[in-house]
Amino acid sequence: MSKHLLANEKSVLKAVEILQNGGLIIFPTDTVYGLAANATNETAIKQIFKIKKRAFNKPLGVLLANFKQIQCWANALPNDAQKLSKLFWPGPMTLVLPAKSSINPLITAGQTTIGLRIPNHPWLLSLLSHFEQGLVTTSANLSNHKSPTSIAELDKTITSQVNLIIDGGICTIGQASTVIDLCQTPYKILRQGTISEKDINKALS
80 MSKHLLANEK
90 SVLKAVEILQ
100 NGGLIIFPTD
110 TVYGLAANAT
120 NETAIKQIFK
130 IKKRAFNKPL
140 GVLLANFKQI
150 QCWANALPND
160 AQKLSKLFWP
170 GPMTLVLPAK
180 SSINPLITAG
190 QTTIGLRIPN
200 HPWLLSLLSH
210 FEQGLVTTSA
220 NLSNHKSPTS
230 IAELDKTITS
240 QVNLIIDGGI
250 CTIGQASTVI
260 DLCQTPYKIL
270 RQGTISEKDI
280 NKALS
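Here the working numbering = 1-based position in the sequence shown + 79.
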């Protein structure tokens, strides 16, 4: 049975314990509620795909605590990535960058790229600073279903199969992040969020 806790420092430590032991957590972000596992635990990563009924050809994202952690996941940082991250991180933008070859292909879906983001959420940033192994994540919904922005919107099919659910209230933005692929020129928006193409062009001009 899933354990429910409020988003506070005590629940950060519990989440770290569960992730280190190969468990899964549901947690609040600035955008939508997320489902996460230890990025170094292949069994836990596979469980994410199983719970979501997600195809293995769809990559997962990685959340970062700070800018320095990019070097653990990306083998290059284009100038555009530096500009966008300085302006929009922490916040609702996921940057798709060249992935390090050492990353588990389950995370990247066998691709040569990786999606990275620094979220703008105090509880989550605290978790990320305490959990150095890396947090692989996706929205806490069944594939092709609406992403939840509150605990009330979570599907019982999902919640019944995780170890911990963190209640942080309603997500402030309530929309998935903008995803921008910087591995091609010109860049390509893979998913539109609250940060628009106009915002991006202005930042890069």
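We put the CB at the ideal spot given by N, CA and C, even for glycine.
| query | Are residue 248 and residue 157 closer than 8 Å when you measure CB to CB? | reply | No, these two residues do not count as a Cβ contact at 8 Å.
| said: Less than 8 Å between the beta carbons of residue 255 and residue 226, yes or no? | reply: Using a Cβ distance threshold of 8 Å, residue 255 and residue 226 count as a contacting pair.
| said: I need the DSSP call for residue 175, collapsed to helix, strand or coil. | reply: It is a strand residue.
| said: Suppose you measure from the CA of residue 258 to the CA of residue 83; what does that come to, to the nearest Å? | reply: 30 Å
| message | What does the alpha-carbon distance come out to for the pair residue 265 and residue 138? | response | 22 Å
| task | Could you check what DSSP says for residue 167 in three-state terms: helix, strand or coil? | result | Three-state result, residue 167: helix.
| In three-state DSSP terms, what is residue 260? | strand
| query | Do residue 196 and residue 32 come within 8 Å of each other at the CB atom, strictly closer than that value? | reply | Shown here, the chain extends from 80 to 284; a query on residue 32 therefore has no answer.
| said: Just to check my reading of the structure: residue 105 and residue 215 have Cβ atoms closer than 8 Å, yes? What is that Cβ distance to the nearest angstrom? | reply: No, residue 105 and residue 215 are not in contact; Cβ-Cβ is about 14 Å, not under 8 Å.
| Segment limits, alpha helix (DSSP H) that includes residue 106 | Annotation for residue 106: no alpha helix (DSSP H) segment contains it, though the beta strand (DSSP E) segment containing it runs 104-106.
| Between the beta-carbon of residue 252 and the beta-carbon of residue 273, is there less than 8 Å? | yes
| For residue 83: DSSP bridge partner residues | Under DSSP, residue 83 forms a beta bridge with 244.
| task | State the beta-bridge partners of residue 267 as determined by DSSP. | result | Residue 267 pairs with 260.
| message | Could you tell me the alpha carbon to alpha carbon distance between residue 193 and residue 85, rounded to whole angstroms? | response | Going by the C-alpha atoms only, they are around 31 Å apart.
| task | Select from 80, 203, 275 and 91 the residue whose C-alpha is nearest the C-alpha of residue 141. | result | 203
| task | Evaluate contact between the region 218-225 and the region 112-127, counting only Cβ atoms and requiring at least three cross-stretch pairs below 8 Å. | result | Taking 8 Å as the limit for Cβ pairs, the verdict is that the region 112-127 does touch the region 218-225.
| message | Could you tell me the alpha carbon to alpha carbon distance between residue 224 and residue 123, rounded to whole angstroms? | response | 22 Å
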